[in-house]
Structure formats: C-alpha cells, structure tokens
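The sequence shown maps to residues 1 to 206 in full-length UniProt numbering. Okay, so here's the structure we're looking at.
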Amino acid sequence: MPHAANAVNVAYSVPDGQSGSLNVYVNGTRLDRTIPVTSKYSYVDTPWIPGARTRHFYDNARLLLGRDVRAGDKVAVVAIGVQVTVDVADFEQATGPTGQGDSTQAFRDAIASARGGVVWIPPGEYKLTSSLNGVQNVTLQGAGHWHSVVRTSRFIDQSSSAGNVHIRDFAVIGEVTERVDSNPDNGPAGHRHRMQALGPITAYLT
1 MPHAANAVNV AYSVPDGQSG SLNVYVNGTR LDRTIPVTSK YSYVDTPWIP
51 GARTRHFYDN ARLLLGRDVR AGDKVAVVAI GVQVTVDVAD FEQATGPTGQ
101 GDSTQAFRDA IASARGGVVW IPPGEYKLTS SLNGVQNVTL QGAGHWHSVV
151 RTSRFIDQSS SAGNVHIRDF AVIGEVTERV DSNPDNGPAG HRHRMQALGP
201 ITAYLT
C-alpha cells in the first residue's frame, strides 16, 4: 500500500452467468467481510441493432474495509467460487455513509429552494426512486464520493431544462442491465444542455 486507506473499489470481470466473492487479506490476515462479484451487469445484448454483438464491460464493486490499512501494508484479494479478473483496485480513505428511505422529494424541494445557488448533499446515502426533472442553474455539492452517495439509475433528466447544472464530490450508484435508448438511464440525461462536473464524481451503474 502506498498510502493509508480504509476502503477499496475494484474494477473486475467474471465469466458470463457466474458470481462469487472476493476475500480481502491484509498482511496475510483475512478480513471478516467480502466483496460480492457478479456477471449480471457486465454482458449486454442489443439484438435490435444490426450486426451487434454481446458487449462486455468491467463492473465495479466497493467495500469499506472495517479497519485502517497503513502505508506499507500488503493487501490481496482472493476469488471464492468464481474466476475473477481484476482490472484495477483503488484504495481510499473514507467513512461509511448512513441514511435510509426515499429522498426524491427532499432533493426536489432543496433544488427548488436553492434558486440558482448550491444544494448541499451531506454525508449519507440517499435513494431516489424517480428522475429529477427541470434542474437548472444550480450546483449540487457533496462531501466526497465516499461520504455522499446517491442511489438511482435515473438521476437527472434534462430533456425539458435550460441546463447549467454543476455537480461535484458525490457518488451516483445505479442498476442498469440493458440498453434502452428512450429512457434517461445511466445518470444525467438530456439534449443540448450544459452539465459540468466541477470536482470528483463517481458514477457506478451496476
């Protein structure tokens, strides 16, 4: 480890139709938590597109380690029950988000009240059950992508908005298993609108 960390994000691939887990070891000692891995989100077919073939993507899985790992420690991940190809493992210093319930209306109210200002997304986990529409002239500011986490597959739909939205320092984690061009999946969506990421943004559509 080149630096201290307490969290890891792994970009990985497993054979189609399979799933399993990764054990994490620090200096030879196995941690009491594992990283689930699956092929569910990595293979996408688009048979309605002439000549299309199965698309294969790396998926992402992340884990709060439950302990501090120091610079110089040796960390290893070991596959359990499935063959896993690890593309990259990013280790970071983070704290676990908290929070439950549907936060969609709270986001809409905060954006409406901001009147072109800043909407602060505090540390926590926020579930959105439908997309945010008409978002414009506003900045969405989180506390860091390990601290402020928005869970949704349809974050912002800009199809009827003037745009000018700035987003920074939070994670968007969704669940998309197929390509549907008419749906505002995969995070922000829209046509000819300005949306600018001013700082670190992590989007995992898994």
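All C-beta atoms, glycine included, are put in the ideal place defined by N, C-alpha and C.
Spatial neighbours of residue i in its chain, beta-carbon cut-off 7 Å, leaving aside the 5 residues before and after
i	result
V37	Y12, V14, S19, G20, S21, L22, A61, V82, V84
E178	V44
Other residues of its chain near residue i: CB distance less than 8 Å, five sequence neighbours each side excluded
i	result
A7	R62, L63, L64, L65, F91, E92, Q93, A94, W146
G101	K127
M1	V69, R70, A71, G72, D73, K74, V75, F91
Through-space distance from residue j to residue i, alpha-carbon basis
i	j	result
A5	A71	8 Å
G134	D157	7 Å
V88	V77	11 Å
N55	S113	The residue you asked about is not Asn; residue 55 is Arg in the sequence shown. Near 42 Å, if we compare the C-alpha coordinates of S113 and R55.
R154	V165	16 Å
G30	V24	The residue asked about is misnamed: residue 30 is Arg in this sequence, not Gly. One C-alpha to the other measures close to 6 Å.
N137	S103	21 Å
R192	T129	Caution is warranted here: a pLDDT of 44 is assigned to R192, below 50, making its placement in the model unreliable, and no coordinate value can be reported.
D68	H3	11 Å
E131	T34	Glu is not the amino acid found at residue 131; the sequence shown has Ser there. One C-alpha to the other measures close to 32 Å.
R115	R151	24 Å
R53	A79	28 Å
I173	I111	20 Å
R108	A162	16 Å
L49	V176	For clarity, residue 49 is Ile in the given sequence; the question names Leu instead. C-alpha separation (whole angstroms): 19 Å.
S159	N9	32 Å
Q105	D32	37 Å
G117	D169	16 Å
Bridge-paired residues (DSSP) for residue i
i	result
T29	V26
S148	G124
S19	T38
H56	Y43
L65	None; L65 has no bridge partner.
Q141	W120, R168
Close-in-space but distant-in-sequence residues of the same chain around residue i (CB under 6 Å, 5 per side omitted)
i	result
Y58	A11, S13, D87
A143	P123
D16	S39, Y43
T98	With a pLDDT of only 49 at T98, under the threshold of 50, the placement of this residue in the model should not be trusted; the figure read from the coordinates follows. Excluding positions up to five away in sequence, the list reads G124.
N27	D73, K74
L140	V119, I167
A46	A quick correction: the sequence has Thr, not Ala, at residue 46. Hits under 6 Å: A52, R179.
Residue interval of the beta strand (DSSP E) (run including residue i)
i	result
T46	Looking at the DSSP string, T46 is not in any beta strand (DSSP E), and its letter there is neither H nor E.
N164	Counting along the chain, N164 falls outside any beta strand (DSSP E), and DSSP gives it neither H nor E.
V78	75 to 80
Q158	156 to 158
A89	85 to 92
V10	5 to 13
Residue interval of the alpha helix (DSSP H) (run including residue i)
i	result
Q105	104 to 114
Cβ of residue i within 8 Å of any chain D Cβ
i	result
V138	The structure shown contains no chain D; it is built from a single protein chain.
Open item on the list: Counting beta carbon pairs with one atom in the stretch 110 to 124 and one in the stretch 30 to 45, are three or more of them shorter than 8 Å?
Closed with: No: the two stretches stay apart, fewer than three of their Cβ pairs being nearer than 8 Å.
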